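*Asks:* Mind having a look at this structure? Questions to follow.
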Amino acid sequence: QVQLVESGGGSVQPGGSLRLSCAASGMFFNMYVMGWYRQAPGKQRELVARITTDNRTIYAESVKGRFTITRDNTKNTAYLQMNSLEPEDTAVYYCNAELPGRSYWGKGTLVTVSS
């Protein structure tokens with residue numbers, strides 16, 4: 002059974018940093034494209050960043066230069082380093098694991114950026 006468990010969320014002031022982790026189990030982690038998505042109150046879920054099996058990355062324009070997605074296949078874990086956080090980054094952040102025809106989600110971790 003595939004499980005994705007996010008951690009690392011919390012409250013931070015504008016300009017601060019957080020590092021999210023997504024621990025995966027029940028799957029061949031190194032075969033999956035891993036992604037981070039977020040959903041702010043009243044808005045649709047949106048892609049934040051994705052990393053392929055060969056470490057190619059894409060980012061939403063709004064986070065380019067501030068966020069970095071990485072993966073450690075030895076630990077079955079994906080990370081999202083978030084720097085220079087802004088109030089607009091406030092959202093529930095979800096981890097996603099994807100193969101053609103398969104997509105799995107974690108339950109999310111809340112990030113609140115406020116002074």
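When the letters of the sequence shown are read in order and numbered with this note's numbering, they come out as residues 2 to 116.
All C-beta atoms in this analysis are idealised placements derived from N, C-alpha and C, irrespective of residue type, glycine included.
Predicted, not measured: the structure shown is a model, and the values here were computed from it.
(1) Just tell me which of T54, V6, S12 and R103 has its CA closest to the CA of M83.
(2) Please determine, among V93, G17, F68 and R46, the residue with the shortest C-alpha to C-alpha distance to I52.
(3) Using DSSP with H/G/I as helix, E/B as strand and the rest coil, what is F68?
(4) In or out: R72 buried (at least 16 other Cβ within 10 Å) or exposed?
(5) Is it true that the CB of N31 sits closer than 7 Å to the CB of N74?
*Replies:* By the coordinates alone:
(1) S12
(2) F68
(3) strand
(4) buried
(5) yes
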